[in-house]
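Visitor: For the sequence shown, numbering that gives the first Met the number 0 gives the first residue as 0, with consecutive numbering after it.
Handing you a structure now.
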Amino acid sequence: MCYSPLHRAFVNLVHDGQQVPFTAEEFSDVQELRSLAELIGPYGMKFLNESLMWHIASQVAELKKIVLQNREILIELRSNYDKPEQMRELFKKLQNVDSVLQRMTIVGVILCFRMLAQEALNDVLSVRIPFLLSSVADLKHHVSNGETLVVSEMASAAGLPCKVDPALVAALRSQKNDLGDDEYQVACLLMVFVAVSLPKLARTEGSVYKPSLEAHTNNMHCLAHAVNALAGSLFTICGHDDIEDRLKEFLALASSSLLRLGQEADREAGAGREAVFLLLHLLVDESPFLTMDLLESCFPYALLRNAAHAVYKAEA
């Protein structure tokens, strides 16, 4: 099963006449989710969101444990990103890289489903209470750019998107005391871990981009959503007011790692290299904190253009 941004739904990936127990599209398309929002209303959708956030929080707790296991290596990786040989040797020492990528993908898939549910709720409320909804949207836009917690919570309850997800912040805040003063460093190192691990996806089975779905078959495109949402929430909780700076650091590390991948003559990475390059583009495109100008300053646009050409040509 795969989340398709083009179809705005989860879709089944069927191979060679394979039988599937159910059709994902029948339960996750726009009409079905609007019907769900009609049935359970805003309070029911809020409960659904809290349940989804609980699952994300449990994944983040496990991610933090893995980061703590690799703390010393990640600190070195963070400070030596401009030394290719040293980075290569340090990366080999990292443990549970596959687990980090898998858990981040799970977080991304959950967030994508929640995004669809929020859009469905907003569609329903725009018909039921159009004037009240427009007032909420205006308040979000004009009061401190809509980023105060109370305003964000109200906007989220109405199905409006927020730069920093208040439900995710609330779910992750409950874990803050587990690490105390180390919370900020662990959040930074988690971003470092994901950034330097992206090239591993090129050698992972299923790392194929399908233009007909605008998606990767192993859902790694959902990583973009996970990175942006977790960065916004974790660094909001830490209170250093540096979300943009930390994401710039993530982009620098990820770009450096993927440029090294582009220089390697690795047959295993050949099929997935272009797909991972497109993931980097998607990550910046979906981010409310990063810009395409910033991406082009650290990753050649020609590589992205060639990667897009290669994946579209492969499916043609």
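Don't be surprised by glycine CBs; every beta carbon is placed ideally from N, CA and C.
Have a look at S57 and S296 and give me their C-alpha separation to the nearest angstrom.
Guide: Rounded to whole angstroms, S57 to S296 spans 36 Å at the Cα level.
Visitor: Got a sec, what are the start and stop residues for the beta strand (DSSP E) C161 sits in?
Guide: Unbroken run through C161: none, as it is neither H nor E.
Visitor: Across which residues does DSSP place C1 in a beta bridge pair?
Guide: Beta-bridge pairing links C1 to V10.
Visitor: In whole angstroms, give me the CA-to-CA distance for F9 and S151.
Guide: In a straight line, the C-alpha of F9 is about 27 Å away from that of S151.
Visitor: As a quick exercise: from S27, L115 and H308, pick the residue whose alpha carbon is nearest that of P160.
Guide: Among S27, L115 and H308, the Cα nearest to that of P160 belongs to L115.
Visitor: How should F288 be labelled, buried or exposed, when 16 other C-beta atoms within 10 angstroms of its C-beta is the threshold for buried?
Guide: Buried.
Visitor: Excluding the five sequence neighbours on either side, which residues of its own chain have a C-beta within less than 7 Å of the C-beta of L233, listed in chain order?
Guide: Within the same chain, L233 has close Cβ partners L171 and A186.
Visitor: Tell me Y208's beta-bridge partners as DSSP assigns them.
Guide: Beta-bridge pairing links Y208 to H215.
Visitor: Please list the terminal residues of the continuous alpha helix (DSSP H) segment that includes V108.
Guide: V108 -> alpha helix (DSSP H) spans V96 to R127.
Visitor: From A307 to L131, what does the alpha carbon distance come to, in whole angstroms?
Guide: Approximately 43 Å between the Cα atoms of the pair.
Visitor: Leaving out five residues before and five after E204 in sequence, what residues of the same chain have Cβ atoms less than 6 Å from its Cβ?
Guide: Hits under 6 Å: none found.
Visitor: How far does the alpha helix (DSSP H) with T235 in it extend, from its first residue to its last?
Guide: It spans C221 to C237 - the alpha helix (DSSP H) in which T235 sits, taken as one unbroken run.
Visitor: Buried or exposed: where does G158 fall if 16 or more other Cβ atoms within 10 Å of its Cβ makes it buried?
Guide: Counting Cβ neighbours within 10 Å, G158 comes out buried, since at least 16 surround it.
Visitor: So, helix, strand or coil for A23, using DSSP?
Guide: It is coil, neither helix nor strand.
Visitor: To the nearest angstrom, report how far apart H54 and F112 are at their CA atoms.
Guide: Whole-angstrom Cα-Cα distance: 13 Å.
Visitor: In angstroms with no decimal places, state the Cα-to-Cα distance between L12 and H239.
Guide: Going by the C-alpha atoms only, they are around 42 Å apart.
Visitor: At which residues does the alpha helix (DSSP H) containing A201 begin and terminate?
Guide: Note, A201: premise wrong, no alpha helix (DSSP H); not H, not E.
Visitor: Locate the alpha helix (DSSP H) running through P298, then write down its first and last residues.
Guide: At residue 298 the sequence reads Phe, which differs from the Pro that was named. It is not in any alpha helix (DSSP H) - F298 carries neither H nor E in the DSSP assignment.
Visitor: Taking the alpha helix (DSSP H) that N48 belongs to, which residues open and close that run?
Guide: Unbroken alpha helix (DSSP H) run through N48: V29 to Q68.
Visitor: DSSP state of Y311, grouped into three classes?
Guide: Residue state, collapsed to three classes: helix.
Visitor: So, for V106: in the same chain, excluding its five sequence neighbours on each side, which residues have a beta-carbon less than 6 Å away from its beta-carbon?
Guide: Same-chain partners within the cutoff: I55, Q58 and A225.
Visitor: Under three-state DSSP, which class holds P287?
Guide: Of the three classes helix, strand and coil, the one that applies to P287 here is coil, per DSSP.
Visitor: Alpha carbon to alpha carbon, how far is L100 from V108? Give it in angstroms, no decimals.
Guide: Approximately 12 Å, taken between the alpha carbons.
Visitor: Is the segment 214–224 touching the segment 187–204, taking contact as three or more C-beta pairs under 8 Å?
Guide: The answer is yes - the segment 187–204 touches the segment 214–224, with three or more Cβ pairs under 8 Å.
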